[in-house]
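Okay, so here's the structure we're looking at.
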Amino acid sequence: MNSYPVDPPERLASLTTGRATSFLTEGVRAGQDEIPQVAVVRAATPLDGYAVRWSTAPVREILDEAMDRFADARTDADAWLAPRLHATVRMSRAEAADPGLWNFLALAVAPDYVLWRHVPAGQSEEAAPKKVNAARFVGPHYSQAFARLWWSAEMFRDGPDYGPAVVACGNQDMINTALRLDAVDHKPTALAMARVLQQWTESGTNRLGDRVNALCTAVNTAGSTLMYEVIAPDDAPDHAARAAWIDEAETAASVPWERLPDGPDDGSARRTSCSALTRMFEQFAAEAPLRDRARAGATAD
Amino acid sequence: MSTVYAYPTLVGKVEATVKGAHIDGKPLQLSLISRSERVVALHQVEREDWTEGVLDLEVSVPAGEVDDGPWARVGCFAVLSEGATNTRVVTRLDKQRDDSVWRGEVRVHRSCHLARATLDVCVVGTYGGIDGRVIGTTDAPWVVDLHGRTPTRQRELDIVEVDFRDGPEEWLRRFADAPWLIDTEREQPTILLNTSFEGLSPLLSGAHGPLEKATAGLLAAQIAADAWSTMFHSALADLEFDEDGTPHLPGGWQGAVLRSLLPDVFPELPLAEALAEAHSRRADGRGWGEVQSRIQFAAARRGTLPKNLTAAIRAVSRAQGGARR
Numbered sequence: 000m001n002s003y004p005v006d007p008p009e010r011l012a013s014l015t016t017g018r019a020t021s022f023l024t025e026g027v028r029a030g031q032d033e034i035p036q037v038a039v040v041r042a043a044t045p046l047d048g049y050a051v052r053w054s055t056a057p058v059r060e061i062l063d064e065a066m067d068r069f070a071d072a073r074t075d076a077d078a079w080l081a082p083r084l085h086a087t088v089r090m091s092r093a094e095a096a097d098p099g100l101w102n103f104l105a106l107a108v109a110p111d112y113v114l115w116r117h118v119p120a121g122q123s124e125e126a127a128p129k130k131v132n133a134a135r136f137v138g139p140h141y142s143q144a145f146a147r148l149w150w151s152a153e154m155f156r157d158g159p160d161y162g163p164a165v166v167a168c169g170n171q172d173m174i175n176t177a178l179r180l181d182a183v184d185h186k187p188t189a190l191a192m193a194r195v196l197q198q199w200t201e202s203g204t205n206r207l208g209d210r211v212n213a214l215c216t217a218v219n220t221a222g223s224t225l226m227y228e229v230i231a232p233d234d235a236p237d238h239a240a241r242a243a244w245i246d247e248a249e250t251a252a253s254v255p256w257e258r259l260p261d262g263p264d265d266g267s268a269r270r271t272s273c274s275a276l277t278r279m280f281e282q283f284a285a286e287a288p289l290r291d292r293a294r295a296g297a298t299a300d
Numbered sequence: 000m001s002t003v004y005a006y007p008t009l010v011g012k013v014e015a016t017v018k019g020a021h022i023d024g025k026p027l028q029l030s031l032i033s034r035s036e037r038v039v040a041l042h043q044v045e046r047e048d049w050t051e052g053v054l055d056l057e058v059s060v061p062a063g064e065v066d067d068g069p070w071a072r073v074g075c076f077a078v079l080s081e082g083a084t085n086t087r088v089v090t091r092l093d094k095q096r097d098d099s100v101w102r103g104e105v106r107v108h109r110s111c112h113l114a115r116a117t118l119d120v121c122v123v124g125t126y127g128g129i130d131g132r133v134i135g136t137t138d139a140p141w142v143v144d145l146h147g148r149t150p151t152r153q154r155e156l157d158i159v160e161v162d163f164r165d166g167p168e169e170w171l172r173r174f175a176d177a178p179w180l181i182d183t184e185r186e187q188p189t190i191l192l193n194t195s196f197e198g199l200s201p202l203l204s205g206a207h208g209p210l211e212k213a214t215a216g217l218l219a220a221q222i223a224a225d226a227w228s229t230m231f232h233s234a235l236a237d238l239e240f241d242e243d244g245t246p247h248l249p250g251g252w253q254g255a256v257l258r259s260l261l262p263d264v265f266p267e268l269p270l271a272e273a274l275a276e277a278h279s280r281r282a283d284g285r286g287w288g289e290v291q292s293r294i295q296f297a298a299a300r301r302g303t304l305p306k307n308l309t310a311a312i313r314a315v316s317r318a319q320g321g322a323r324r
């Protein structure tokens with residue numbers, strides 16, 4: 000499964016969502032038909048410049064390794080891959096906001112990964128083959144197979160430390176729900192949520208998924224009338240340091256596999272702010288009602 | 000305000016005005032700011048490569064209502080956000096005593112925005128013992144309009160294919176067995192690839208399959224590292240000096256090479272001092288040998304040798320059955 004049948008294009012490009020969607024037939028999403036790679040590449044627009052960071056080989060390498068390493072537990076690949084993808088495809092938030100790049104990765108560079116990671120679990124009906132949700136190929140940043148990982152690493156890292164991002168990506172409810180919230184655009188808020196999650200994980204708290212969802216709801220609801228930025232002030236990120244880190248992609252060695260890579264050293268969040276919000280969120284969590292799952296079947300995706 | 004608040008909020012209007020703007024320190028024409036449309040058109044700025052815009056913001060708040068109201072510690076904050084880039088920047092505005100207007104500078108970082116950022120203002124206060132409650136906002140946001148991707152670097156090295164053995168350039172004949180040479184005597188440093196070295200140029204220009212590609216990558220990195228090191232030495236031999244003997248960064252590619260490698264050669268020194276140190280060590284030979292290792296490291300890094308070597312090792316290991324150590 001982990002050797003990709005055709006050579007991927009050498010450089011990343013941008014593929015509009017409209018063009019990308021036209022290739023996403025039922026057969027492709029079920030993994031039965033090949034994506035016409037030549038046509039996809041022809042439909043895409045090359046990215047500017049010769050920058051090394053737009054090479055596909057390093058991305059392919061970590062994806063192959065992830066498929067190998069997590070063959071028996073696909074969802075566990077997220078926490079391993081997110082920081083490594085972020086440190087490999089180094090870019091600004093403005094660049095990462097281009098869905099075309101993510102579309103191209105999913106359709107031209109690694110459709111096999113999208114299928115591997117997101118084909119629904121469980122038994123399939125004989126008549127209808129299991130299909131991957133199209134949003135995993137061309138969806139918003141919190142759904143698309145690669146964008147969700149890159150953005151999780153971006154939103155939950157603490158300066159160069161990807162540790163909190165690993166915690167966040169280790170829980171599917173966190174990565175699927177929290178990433179949609181505007182509240183995580185504030186770094187101490189994101190880090191405090193990761194910290195609460197970590198405490199639960201370490202103490203073996205039951206019904207973790209329900210608790211995470213309840214926490215997300217509570218943080219978001221309170222955030223509509225409370226300004227977390229005022230309660231928990233933070234410093235502006237060091238944009239120059241981030242730009243330098245992106246430039247270093249020209250010469251940086253491949254990301255390590257056994258330890259975490261270093262993210263951009265653009266400033267860690269203020270400790271006092273993270274602690275204040277952690278205490279507040281613990282209180283939210285203690286008061287928040289948990290969803291009744293007696294009837295709703297929990298599905299891992 | 001459409002949200003339901005569980006505490007008293009302002010009735011009067013909060014109004015924000017962008018009074019002016021600067022792009023990388025230069026004032027933006029006022030015609031690019033429309034008060035009626037509430038739009039700042041940063042995309043009409045003629046230069047594409049700006050990094051930071053600063054908006055001068057003025058906000059009027061119903062002062063009497065704030066003073067007489069039930070809130071404590073009232074503050075005013077600008078919120079610049081763009082959903083596409085998951086970016087939300089909150090700036091505290093200031094007010095002079097006896098003044099009814101809050102003022103502040105809102106910074107717009109190009110790298111954090113894609114197309115359209117919105118600028119809202121929130122009045123925040125303490126009520127019922129809880130800090131940070133939003134008690135008023137502007138009815139409609141300002142829009143900061145921009146678009147386009149950041150431009151990227153250009154190539155720094157020319158590459159030319161030459162037949163060293165039987166080609167027209169006679170001086171190359173004695174190097175007939177060399178796979179490549181770096182020529183720094185030209186206007187632009189050039190890598191000469193020897194086409195009479197069998198298999199070299201097909202490998203570099205048309206590698207197929209993971210093993211060939213990894214080998215080509217390793218070779219390209221080796222050549223690049225070689226080139227950087229040669230260019231560094233060549234540039235260092237080509238400095239200009241002050242009357243008191245202080246070396247200056249030369250122009251052209253020589254300056255670019257030194258500027259690029261010196262921070263890796265002498266990471267503890269600022270650029271000018273690093274240049275002086277490199278020059279003096281070369282001139283009087285003090286510790287020049289030790290500097291060679293530093294240059295070798297810097298050039299290999301710039302040539303992406305460690306990265307490509309790792310890739311090659313992994314490709315070979317995978318080809319041999321993927322045995323993991």
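For the record, the sequence lines run as chains E and C. Each residue of the first sequence is one higher than the one before, counting from 0 in numbering that gives the first Met the number 0. Each residue of the second sequence is one higher than the one before, counting from 0 in numbering that gives the first Met the number 0. Even glycine gets a Cβ: it sits at the ideal position worked out from N, Cα and C.
At what residues does the beta strand (DSSP E) containing residue i begin and finish?
| i | result |
| --- | --- |
| Y126(C) | 115-126 |
| G108(C) | Gly is not the amino acid found at residue 108(C); the sequence shown has His there. Here the beta strand (DSSP E) through H108(C) covers 100-108. |
| R91(C) | 86-91 |
| V137(E) | Counting along the chain, V137(E) falls outside any beta strand (DSSP E), though it belongs to the alpha helix (DSSP H) covering 134-137. |
| I134(C) | 129-136 |
| I181(C) | 179-182 |
Using a C-beta to C-beta distance shorter than 7 Å, which residues of chain C count as neighbours of residue i?
| i | result |
| --- | --- |
| S253(E) | K306, T309, A310 |
| T96(E) | Sequence inspection shows Ala at residue 96(E); the Thr mentioned does not correspond to that position. Here the neighbours are A83, T84, L113. |
So which residues of chain C does residue i contact, with C-beta pairs closer than 8 Å?
| i | result |
| --- | --- |
| W321(E) | Given that chain E is displayed from residue 0 to residue 300, the structure contains no residue 321(E) and the question cannot be resolved. |
| D184(E) | S80, N85, T86, R87 |
| E60(E) | A310, R313 |
| L225(E) | I129, G131, R132, V133 |
Taking the continuous alpha helix (DSSP H) assigned at residue i, which residues delimit it?
| i | result |
| --- | --- |
| V276(E) | Note that residue 276(E) is Leu in the sequence shown, not Val. Per DSSP, L276(E) belongs to the alpha helix (DSSP H) from 270-286. |
| G208(E) | 207-222 |
| H238(E) | 238-246 |
| N175(E) | 171-176 |
| R18(E) | 16-22 |
| W150(E) | 146-155 |
| L62(E) | 56-68 |
| V27(E) | 25-28 |
| V51(E) | Per DSSP, V51(E) belongs to no alpha helix (DSSP H) and is neither H nor E. |
| A167(E) | 162-168 |
| E169(C) | Counting along the chain, E169(C) falls outside any alpha helix (DSSP H), and DSSP gives it neither H nor E. |
Going by DSSP, what residues sit across from residue i in a beta bridge?
| i | result |
| --- | --- |
| L196(E) | Answer by DSSP bridge pairing: none, since L196(E) is not bridged. |
| K186(E) | Per DSSP, none; premise fails for K186(E). |
| R179(E) | According to DSSP, which records beta bridges pairwise, R179(E) is partnered with nothing at all. |
| D157(C) | T189(C) |
| K94(C) | W101(C) |
| P45(E) | A12(E) |
| L289(E) | Partner(s): none; L289(E) has no beta bridge. |
| D144(C) | A40(C), R115(C) |
| L225(E) | R132(C) |
Can you list the residues of chain C that residue i reaches, using a CB-CB cut of under 9 Å?
| i | result |
| --- | --- |
| D181(E) | S80, G82, N85, R87 |
| W150(E) | N85 |
| A81(E) | Under the 9 Å cutoff, chain C gives no residues; its nearest Cβ is about 15 Å from A81(E). |
| A242(E) | T50, S110 |
| S91(E) | T84, H108, R109, S110, C111, T149 |
At a CB-CB cut-off below 9 Å, which residues of chain E make contact with residue i?
| i | result |
| --- | --- |
| T194(C) | Those do not exist, as T194(C) stays about 23 Å from chain E at its closest Cβ, beyond 9 Å. |
| Y126(C) | Here the premise fails: no neighbours, minimum Cβ distance about 10 Å. |
Give me the chain E residues within the contact set of residue i, using Cβ-Cβ distance strictly less than 8 Å, ordered along the chain.
| i | result |
| --- | --- |
| D130(C) | V229, I230 |
| G74(C) | V229 |
Going along chain E, which residues have a C-beta under 7 Å from residue i?
| i | result |
| --- | --- |
| V123(C) | M226, V229 |
Entirely enclosed alpha helix (DSSP H) segments - the region 77-126 of chain E, minimum 4 residues: Uninterrupted alpha helix (DSSP H) stretches at least 4 residues long and entirely within the region 77-126 of chain E occur at 92-95, 98-103, 110-117, given in chain order.
At least three beta-carbon pairs within less than 8 Å, the region 53-69 of chain C to the region 187-200 of chain E: As far as the Cβ criterion goes, the region 53-69 of chain C does not touch the region 187-200 of chain E, which means the pair count is below three.
Any alpha helix (DSSP H) of 4 or more consecutive residues that is wholly inside the region 241-321 of chain C: Correct list: 251-264, 270-283, 287-301, 304-318.
Entirely enclosed beta strand (DSSP E) segments - the region 7-80 of chain C, minimum 3 residues: Listed in chain order, the complete beta strand (DSSP E) runs (minimum 3 residues) inside the region 7-80 of chain C are 14-22, 38-40, 51-59.
4-residue-minimum alpha helix (DSSP H) runs that sit fully inside the region 205-240 of chain C, ordered along the chain: With a minimum length of 4 residues, the continuous alpha helix (DSSP H) runs that stay inside the region 205-240 of chain C are 208-235.
Meets three-Cβ-pair contact criterion under 8 Å: the region 10-17 of chain E and the region 100-119 of chain E: For the pair of segments examined, the region 10-17 of chain E was found to touch the region 100-119 of chain E: the number of CB pairs separated by less than 8 Å reaches three.
Three CB pairs or more closer than 8 Å across the region 156-163 of chain E and the region 133-145 of chain E: Not touching, per the Cβ criterion.
Cβ contact (3+ pairs, closer than 8 Å) linking the region 86-102 of chain C and the region 64-77 of chain C: For the pair of segments examined, the region 86-102 of chain C was found to touch the region 64-77 of chain C: the number of CB pairs separated by less than 8 Å reaches three.
contact_flag[the region 284-293 of chain C, the region 307-316 of chain C] where n(CB pairs < 8 Å) is 3 or more: No: the two stretches stay apart, fewer than three of their Cβ pairs being nearer than 8 Å.
Touch test, the region 207-215 of chain C against the region 232-250 of chain C, Cβ-Cβ under 8 Å, three pairs minimum: Output reads no: the region 232-250 of chain C does not touch the region 207-215 of chain C.
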